[in-house]
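Per UniProt numbering, the very first residue in the sequence shown carries number 1; after that it's consecutive.
The C-beta atom is built at its ideal place from N, Cα and C for all residues, glycine as well.
Remarks on the structure that follows.
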Amino acid sequence: MAAGPRRHQCFVILKREEEPISSEPNVGPRIKLKFSTSFSQVVPRVTVLKEEERQAEVQVEKHQHLLPPLVSSKKRTVVLDLDETLVHSTTGTPPPNYNFMITPTIEGVTMNFYVLKRPGVDEFLEAISKKYEVVVFTAGLEQYASLLLDVLDPKGLISHRLYRDSCKPLVKRRFAKDLSTIGRDLENVVIVDDNPRSYALQPANAIPIKRFVDDVEDKELEKLLGFFEMYCDGFEDMREAVKQYLGGANNTTKPARTSSSSRRRNTRDHSSVIKYHHI
Numbered sequence: 001m002a003a004g005p006r007r008h009q010c011f012v013i014l015k016r017e018e019e020p021i022s023s024e025p026n027v028g029p030r031i032k033l034k035f036s037t038s039f040s041q042v043v044p045r046v047t048v049l050k051e052e053e054r055q056a057e058v059q060v061e062k063h064q065h066l067l068p069p070l071v072s073s074k075k076r077t078v079v080l081d082l083d084e085t086l087v088h089s090t091t092g093t094p095p096p097n098y099n100f101m102i103t104p105t106i107e108g109v110t111m112n113f114y115v116l117k118r119p120g121v122d123e124f125l126e127a128i129s130k131k132y133e134v135v136v137f138t139a140g141l142e143q144y145a146s147l148l149l150d151v152l153d154p155k156g157l158i159s160h161r162l163y164r165d166s167c168k169p170l171v172k173r174r175f176a177k178d179l180s181t182i183g184r185d186l187e188n189v190v191i192v193d194d195n196p197r198s199y200a201l202q203p204a205n206a207i208p209i210k211r212f213v214d215d216v217e218d219k220e221l222e223k224l225l226g227f228f229e230m231y232c233d234g235f236e237d238m239r240e241a242v243k244q245y246l247g248g249a250n251n252t253t254k255p256a257r258t259s260s261s262s263r264r265r266n267t268r269d270h271s272s273v274i275k276y277h278h279i
């Protein structure tokens, strides 16, 4: 788009010039207007500038989307939370049960995170990636989450990753995941998250999931497969599918209260690193 000074070139500059007073009675001074630029030159230039402005606005709107355009318009989008939805991680003393360790450096501090995968996560990602665009949207920092996802998803089943800098800040270091910013039609989007604050802006698109800490008998992802593989096929709008699923007999994913012992354990796990990756 043209810079400010250049835009002013399209303005019509009027110059006043007085003619001698007429000898005819009752006739005052006459003003003659001279145009420094003819209208035939100005109007096309104004049109060009307006078109440039319109194109610039379109480009800005495109860049506001967090994700690139869909490769296949037929694919719907599943947005997945990371911590306590797909995995649980701790730092400090290694827990008795974990699948792998990552060592990110955050603000100059190197830390060990011990990661436990939610039961069925590998099969879940494998299955839904065949039919959906899979996006992980986490409030965790990229330095932490990117390393974790590199190990969790060696096959590249996850199409896109969004981190804390893509979230909308709330009060008290809380974050919301605004689905309107990802560049997808909301009728084709579902988010799975254990934290209601995360989907507070689009609750109709959300399937709540129980918070995962260390339950090796957890079946939540296995239950969700039925929804994504078959149940939602009969709905044009995923939000209606979510509404029916959560309101009917298939509703097996409502959040449950975490036991007091689990809450205390989870607080200990994250107390020293909550500012880095967890909400």
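Report the rounded CA-to-CA distance for Gly92 versus Gln244, giving the unit in angstroms.
Looking at the two C-alpha atoms, the distance is approximately 43 Å.
How would you call Arg76, buried or exposed, if buried means at least 16 neighbouring beta carbons within 10 angstroms?
Buried, since its Cβ has 16 or more Cβ neighbours within 10 Å.
What's the C-alpha gap between Arg161 and Phe228?
The alpha-carbon atoms of Arg161 and Phe228 are separated by roughly 20 Å.
Taking the alpha carbon of Gln143 as the point to measure from, which residue in Phe113, Pro169, Lys130, Pro203 has its own alpha carbon closest?
Comparing Cα positions, the closest option is Phe113.
Whose C-alpha, out of Lys74, Pro96, Ile158, is nearest the C-alpha of Leu82?
Looking at the Cα atoms, Ile158 is the closest of the given residues.
With H, G and I counted as helix, E and B as strand and the rest as coil, what does DSSP make of Glu19?
Model confidence at Glu19 stands at a pLDDT of 44, short of 50, so the residue's coordinates are unreliable; what they give is reported in the following sentence. Coil, per DSSP.
Taking 8 Å as the cut-off, decide whether the C-beta atoms of Leu201 and Ala176 are in contact.
Taking 8 Å as the Cβ cut-off, Leu201 and Ala176 qualify as a contacting pair.
Checking the sheet assignment: what are the DSSP bridge partners for His160?
Looking at the DSSP assignment, His160 forms a beta bridge with Val135.
Per DSSP, what kind of secondary structure is Ser146 in: helix, strand or coil?
Residue state, collapsed to three classes: helix.
Quick check on the DSSP output: the alpha helix (DSSP H) that includes Arg118 runs from which residue to which?
Arg118 -> no alpha helix (DSSP H), and no H or E assigned at all.
Taking Phe100 as part of the beta strand (DSSP E), name the residues at either end of that continuous run.
From DSSP, the beta strand (DSSP E) with Phe100 extends over 100-102.
What does the Cβ neighbour count give for Lys210, buried or exposed, with the cut at 16 atoms within 10 Å?
Looking at its Cβ environment, which holds 16 or more other Cβ atoms inside 10 Å, Lys210 is buried.
Put Ala176 into one of helix, strand or coil per three-state DSSP.
Ala176: strand per DSSP, three-state reduction.
Helix, strand or coil for Lys219 per DSSP?
Residue state, collapsed to three classes: coil.
Looking only at its chain, what residues have a beta carbon closer than 8 Å to the beta carbon of Thr103, apart from the 5 residues adjacent to it on each side?
Same-chain partners within the cutoff: Thr110, Met111, Asn112, Phe113, Leu147.
Only counting the same chain, and skipping five residues up and downstream in sequence, which positions put a Cβ closer than 8 Å to that of Leu179?
Contacts found: Val79, Leu186, Val189, Ile191, Tyr199, Leu201, Gln202, Asn205.
Note down the Cα distance separating Thr252 from Leu221, rounded to an integer number of angstroms.
With a pLDDT of 44 at Thr252, under the threshold of 50, the modelled position of this residue cannot be trusted, and the question is left open.
Tell me the residue span of the beta strand (DSSP E) that contains Arg76.
Per DSSP, Arg76 belongs to the beta strand (DSSP E) from 76-80.
Rounded to whole angstroms, what's the CA-CA distance from Leu67 to Ile182? Just pull it up for me.
For Leu67 and Ile182, the distance between alpha carbons rounds to 5 Å.
For Leu225, which option in Glu107, His65, Glu123, Phe100 has the closest C-alpha, if you only look at C-alpha atoms?
Minimum Cα distance to Leu225 is reached at Glu123.
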